[in-house]
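Step one of this worksheet: look at the structure below.
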Amino acid sequence: MQQEIAPIAVRVSLLNGMSEQMVLSHYENTYGNAVRTLNAVRRELAALDAETPPYRLGGLKREELSLMGSVALHELYFGNLGGFRRAGPNSGLGRPDWHEVPDAFAAEIAADFGSASAWRREFVGAAQSLAGGSGWMLLTYSRRQKRFWNQIATDHTEAPSTPRRCSFWTCTSTPTRWTSA
1 MQQEIAPIAV
11 RVSLLNGMSE
21 QMVLSHYENT
31 YGNAVRTLNA
41 VRRELAALDA
51 ETPPYRLGGL
61 KREELSLMGS
71 VALHELYFGN
81 LGGFRRAGPN
91 SGLGRPDWHE
101 VPDAFAAEIA
111 ADFGSASAWR
121 REFVGAAQSL
131 AGGSGWMLLT
141 YSRRQKRFWN
151 QIATDHTEAP
161 STPRRCSFWT
171 CTSTPTRWTS
181 A
């Protein structure tokens, strides 16, 4: 099945603290190329025959997994840019208090981190540890343990390739500024 490029769900020009050119370039190039390459790998996998050496099949499956993770993470990121309300200059990252944790959510994460500020301190500190490299900072929920965790993914294979109802936050390329996504 052909993976489609999901439309960007925010007016990028209304995001404060993020360059419109950077966001659009990342959307079109990084995310767009991941989708196009995933489709190419899947076409190649579909064309394999019984004579294909196992190392070739394994290499393509590893590449497919990494690309699935990249697509999933980018779709979560771009699908959630702008916060809870994406309608205008006083919403999401356009709001003066965009960096504050919403009250309802703060109560949920306080149960696992002691307080929203303790969660944010750990989250931002871990995000800053990615400085000089690349990676994703994730707030994930474990259904098994019934709690939230801050996690770093330095590779697209370290993230869920088909996330469902994921609570997700990521750091931007500026390590001291992070965005709700």
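For the record, in the sequence shown the residue sitting at position 13 is 13 according to the working numbering, with numbers rising by one throughout. Where is the CB? At the ideal position from N, CA and C, for every residue including glycine.
For residue i, the nearest candidate out of the options (CA to CA)
| i | options | result |
| --- | --- | --- |
| Glu108 | His156, Arg147, Glu158 | Arg147 |
| Gly17 | Lys61, Leu81, Asn33, Pro53 | Leu81 |
| Val182 | Gly59, Gln151, Gly32 | As shown, the chain starts at 1 and ends at 181. That puts residue 182 outside it, with no answer to give. |
| Tyr27 | Ser70, Arg143, Ala111 | Ser70 |
| Ser117 | Leu130, Asp103, Val10 | Asp103 |
| Met137 | Glu158, Gln145, Arg143, Arg144 | Glu158 |
Contact check, residue i vs residue j, beta carbons under 9 Å
| i | j | result |
| --- | --- | --- |
| Arg42 | Glu64 | yes |
| Leu73 | Leu57 | no |
| Gly132 | Thr154 | no |
| Val12 | Glu20 | yes |
| His156 | Leu67 | yes |
| Phe78 | Val10 | yes |
| Ala106 | Ser115 | yes |
C-beta neighbour in chain D for residue i, strict 9 Å
| i | result |
| --- | --- |
| Leu138 | Absent from the structure is chain D; it holds one protein chain and no more. |
Buried or exposed by the 16-neighbour rule on C-beta atoms within 10 Å, applied to residue i
| i | result |
| --- | --- |
| Leu48 | exposed |
| Leu24 | exposed |
| Arg120 | buried |
| Tyr55 | exposed |
| Trp149 | exposed |
| Leu15 | buried |
| Met1 | exposed |
Whole alpha helix (DSSP H) elements within the segment 16-60, 4-residue minimum: Those alpha helix (DSSP H) runs which fall completely within the segment 16-60 and span 4+ residues are 20-25, 32-46.
Entirely within the segment 116-156 and at least 3 residues each: give me those beta strand (DSSP E) ranges in chain order. You should have 136-142, 147-153.
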